[in-house]
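When the sequence shown is numbered by our numbering, its final residue is 454 and no position is left out of the sequence of numbers. Glycine is no exception: its CB is placed at the ideal position from the N, C-alpha and C atoms. Below is one structure, written out as structure tokens; comments come after it.
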Amino acid sequence: MTLRLFDLTGKRALVTGSSQGIGFALAKGLAGAGASVVLNGRDTVKLATAAADLSAATLAFDATDHTAVRAAIDRFESETGPIDILINNAGIQHRAPLEDFPAEAFERLLQTNIASVFHVGQAVARHMIARGRGKIINIASVQTALARPSIAPYTATKGAVGN
292 MTLRLFDLTG KRALVTGSSQ GIGFALAKGL AGAGASVVLN GRDTVKLATA
342 AADLSAATLA FDATDHTAVR AAIDRFESET GPIDILINNA GIQHRAPLED
392 FPAEAFERLL QTNIASVFHV GQAVARHMIA RGRGKIINIA SVQTALARPS
442 IAPYTATKGA VGN
């Protein structure tokens, strides 16, 4: 089914964190609008399953690893062509009261929810700038306005992306 609200035929869209959940739903919507979709995640088994459901390409890399991201994006662009649209969606959540929140869990939130936006955005933007075109969309969360006690650190990281 192709959405007629807008047409993305001929465009390639990379969606980070798209082997499941919100990222998969975003990828499905982009595919429905005609885009060629590239799914991203760390788990190659989940990626393969999701890709089979959408007939999509996959690009496995850890969005928190700056060097790995750049290498994967550069290789993908040189071997298969341009990424026209980037949806920075990768994210995780860890629930615990703020006063008991583990520091290592907060570090994972920072790396996944904030640093990955920079790493992937920079790697893709370099190619987009050279071509003179492209779109980057960063996904935040409604939780930035509706914080609950057990997700205060998540709220802070997604708020950083949204503001």
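When DSSP states are grouped into helix, strand and coil, Ala447 belongs to the helix group. Inter-residue distance for Ile428 and Asn380 is about 8 Å (C-alpha atoms, whole angstroms). Short of 6 Å from the beta carbon of Thr349, and not among the five residues preceding or following it, lie these beta carbons of its own chain, in chain order: Leu330, Leu338 and Ala342.
Non-local beta-carbon contacts of Gly372 in its own chain, meaning distances under 8 Å to residues more than five positions away in sequence, involve Arg303 in chain order. Ranked by Cα distance from Arg333, the options Arg366, Glu368 and Thr403 are led by Thr403. For Ala406, the closest C-alpha among the options Pro388, Thr358 and Val433 is that of Thr358. Secondary structure at Leu330: strand, using DSSP grouped into helix, strand and coil.
Contact between the segment 411–427 and the segment 362–371 is present, with at least three C-beta pairs closer than 8 Å. The DSSP-derived three-state label of Asn380 is coil. Here Ala447 is actually not in contact with His410; their C-beta atoms are around 19 Å apart, not less than 8 Å. Judged by DSSP secondary structure, Lys302 falls outside any beta strand (DSSP E); it is assigned neither H nor E. When the Cα atoms are used, Phe352 and Gly425 turn out to be separated by approximately 21 Å. By the Cβ-count criterion, Val328 is buried, with 16 or more other Cβ atoms from all chains shown falling within 10 Å of its own Cβ.
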